[in-house]
Every structure is written in structure tokens, then in C-alpha cells.
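A.B. asks: In this note's numbering, the protein residues as written are 11 to 288. Quick reminder that beta carbons are idealized off the backbone N, C-alpha and C, glycines included. Just so it is clear, the structure is predicted and the values come from calculations on it, not from any experiment. I'd like to ask you about the structure that follows.
This is the structure we're talking about:
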């Protein structure tokens, strides 16, 4: 009798995005201590939440491979990042809290640098793509100069539209990892890169960046140390999901993330914010 083997478990882009959304939500529930202040419970949620960022970065890289227009894709990431950051700042000013992250600039720079490098490789045009890579890094030095000279308001305005790639969420290391993932295009090697970064995050204490930072690499301007605190090294938990990816799109979630990401953060934040008054 002939038997039909069950197909191995495989995940498409839709599945990965749902997993990333769920783990991100759990991470923020733990971060904002929305429902309980029990540290063990919240720390467990945050460990699970470490899966989200690598999966989202992986899907941005895959989105770049399959999008019909990379410039439109990049513009969408940039516009969403500016809008979310603007709302973050308004809520921060109204509530007196500064607890809102914004991963869109990290995704934006990953996509921008990939596009610029690929343009140089494919068209041999160097000037404009090189400017696209170098100009954002000039904002790093502008950040230092303006902040050191007391022009915080000026930098606040500039950083809204041209955030420093050295100070994005999850640091420039995530941007470089995303660029490497795109051009290497091997799930096995890319997972090894993620595992290696996770191991480094586990082994290197955050205090190292404060101890050895120079004038031009002050932690306030150089966000890489953020990867080396708490449970961020647990991001290696995303590896099995990446390896199960089958390269298929699945159902579309084109704009859902751009809405869900900020809205769920604000809901969780305000639940805690209102609770603190009672």
C-alpha cells in the first residue's frame, strides 16, 4: 500500500510576519508591564519578544528582493518612520515619558544601503549611490556637534527627518546584518551571522561601551551598546523560523504592520499610564 508522506512544516512570508507581530506584542507587554509588574513573567515575555526584530529585518530583506519598486518600498519605510516618530514625540511631550522606540529608521537604512550598493554594482554609477550611503552618516557628526554645543532643539528637528544611522533602534549592527543578508542570500549563512551576533551580545557586557568609548563614540550618540543589555542575545531564537521559510509570499500584509506597530504600542502604554493613576 502506497502511503503519502505529510509535507514538512514550512512557513511563508505571511506566517513569519504573524509570528513577528505576536512576539513583538508579547515583548511590549513585558516592556511596559501592562498587566503585571511581576518581573519573572515580564522577563519571560521579553525573551520571547527577542524573536521579533530579526524576523522583521529578515522580511524587510525579503521584501527588497521581491518588490516591484525598491524606491517606493524605501520611501514607504521612510515616511512611516517619520510619522511614527512625530507621534511618539507628541505623546512623550504630553505625558512626560520617553519610552517609545521606532524600528522603522533601522529598516529604512537597511533598504537604502542595499539599494545604493546594488545600484553601484549593476549600473556602475557611483556618485549618487555613494552620497546616499555617506550623507546619513554625516548626521552622526552633526548630532555630536549640535548636542555638544547646546543646540538640542535644532538636532531634534533634523533627527526627525534625517535620523543618525548610528543611533537607530537595535543599532547600526542590525543595519549591516540586513545588508549582509541581502547580498549573501543564504539562509544557513545568514542564520550563522545572527547566531554569531547573538553570541557576541551575550559575551560582551554593555559596560564595555561606556568604558572604552571615545569622544566620537559616546554611547549617547552611538547606540550599539543597546544590543548588549538584558536579553537581546536571545534573538537567536528567530533562527528556526527563518530556516523554515519557504520563499513564498502567502497572504498580503502590505500596510497592516505600519498601522499595528505604533497603535498597539500606544494602547499598551496608555493602559499602564492610566492604571498608574489608580
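1. Under 8 Å between the Cβ atoms of residue 191 and residue 71?
2. Mind reading off the beta-carbon distance from residue 253 to residue 20? Whole number of angstroms is fine, and I expect it under 8 Å.
3. Am I right that residue 25 and residue 260 are in contact with their C-beta atoms under 8 Å? What's the rounded C-beta distance?
4. So the candidates are 138, 32, 110 and 109; which of them puts its Cα closest to the Cα of residue 123?
5. Let's test the definition: count the other Cβ atoms within 10 Å of the Cβ of residue 218 and tell me whether it reaches 16, buried, or not, exposed.
6. List in chain order: all unbroken alpha helix (DSSP H) runs of 4+ residues lying wholly within the region 86 to 164.
7. Taking the alpha carbon of residue 29 as the point to measure from, which residue in 68, 235 and 52 has its own alpha carbon closest?
8. Could you spell out the range, first to last residue, of the alpha helix (DSSP H) harbouring residue 42?
9. Can you tell me whether DSSP reads residue 265 as helix, strand or coil?
10. For residue 53, report the span of its alpha helix (DSSP H) as first-last.
11. Grab me the residues of residue 214's own chain with a C-beta within less than 8 Å of its C-beta, minus the 5 sequence neighbours each way, in chain order.
12. Tell me whether residue 21 sits in a helix, a strand or coil according to DSSP, three-state version.
13. For residue 60, does the count of other Cβ atoms within 10 angstroms reach 16, so buried, or fall short, so exposed?
14. Just tell me which of 163, 115, 156 and 161 has its CA closest to the CA of residue 146.
15. CA-CA distance, residue 197 and residue 158?
16. Among the candidates 82, 268, 243 and 276, whose CA atom is the shortest distance from the CA of residue 99?
17. Between which residues of its own chain and residue 96 is the CB-CB distance below 8 Å, once the five residues before and five after are set aside?
C.D. replies: By the coordinates alone:
1. Against the chain shown, residue 191 aligns to sequence position 181. Against the chain shown, residue 71 aligns to sequence position 61. For the 8 Å CB-CB criterion, residue 191 and residue 71 form a contact.
2. Translated into the one-based positions of the chain shown, residue 253 becomes position 243. Translated into the one-based positions of the chain shown, residue 20 becomes position 10. Contact flag wrong, Cβ pair sits at about 10 Å.
3. As a working note, residue 25 is residue 15 in the chain shown. As a working note, residue 260 is residue 250 in the chain shown. Rounded, the Cβ-Cβ distance is 6 Å, consistent with contact.
4. In the chain shown, residue 123 corresponds to position 113, counting from 1. Nearest of 138, 32, 110 and 109 to residue 123, Cα basis: 138.
5. By 1-based counting over the chain shown, the position of residue 218 is 208. Exposed, by the Cβ-count rule.
6. Counting whole runs of 4 or more residues, the region 86 to 164 contains the alpha helix (DSSP H) stretches 114 to 133 and 137 to 158.
7. Translated into the one-based positions of the chain shown, residue 29 becomes position 19. Out of 68, 235 and 52, 68 has the C-alpha closest to the C-alpha of residue 29.
8. Mapped onto the chain shown, residue 42 falls at position 32. Secondary structure note for residue 42: it is in no alpha helix (DSSP H), with a DSSP letter that is neither H nor E.
9. Here residue 265 corresponds to residue number 255 of the chain shown, with the count starting at 1. Residue state, collapsed to three classes: coil.
10. Your numbering for residue 53 matches position 43 in the chain shown. Residue range 49 to 59 is occupied by the alpha helix (DSSP H) that includes residue 53.
11. Position 204 of the chain shown, counting from 1, holds the residue named residue 214. Within the same chain, residue 214 has close Cβ partners 238.
12. Translated into the one-based positions of the chain shown, residue 21 becomes position 11. Collapsing the DSSP output to three states places residue 21 in a strand.
13. As a working mapping, residue 60 is identified with position 50 in the chain shown. Label assigned to residue 60: buried.
14. As a first step, residue 146 must be located in the chain shown, where it is residue number 136. Checking every option, the nearest Cα to that of residue 146 belongs to 115.
15. Here residue 197 refers to the residue found at position 187 when the chain shown is read from its first residue. Here residue 158 refers to the residue found at position 148 when the chain shown is read from its first residue. Cα-Cα distance, rounded: 43 Å.
16. Working through the chain shown from its first residue, we reach residue 99 at position 89. Comparing Cα-Cα distances from residue 99 to each of 82, 268, 243 and 276, the minimum goes to 276.
17. Here residue 96 corresponds to residue number 86 of the chain shown, with the count starting at 1. The residues are 170.
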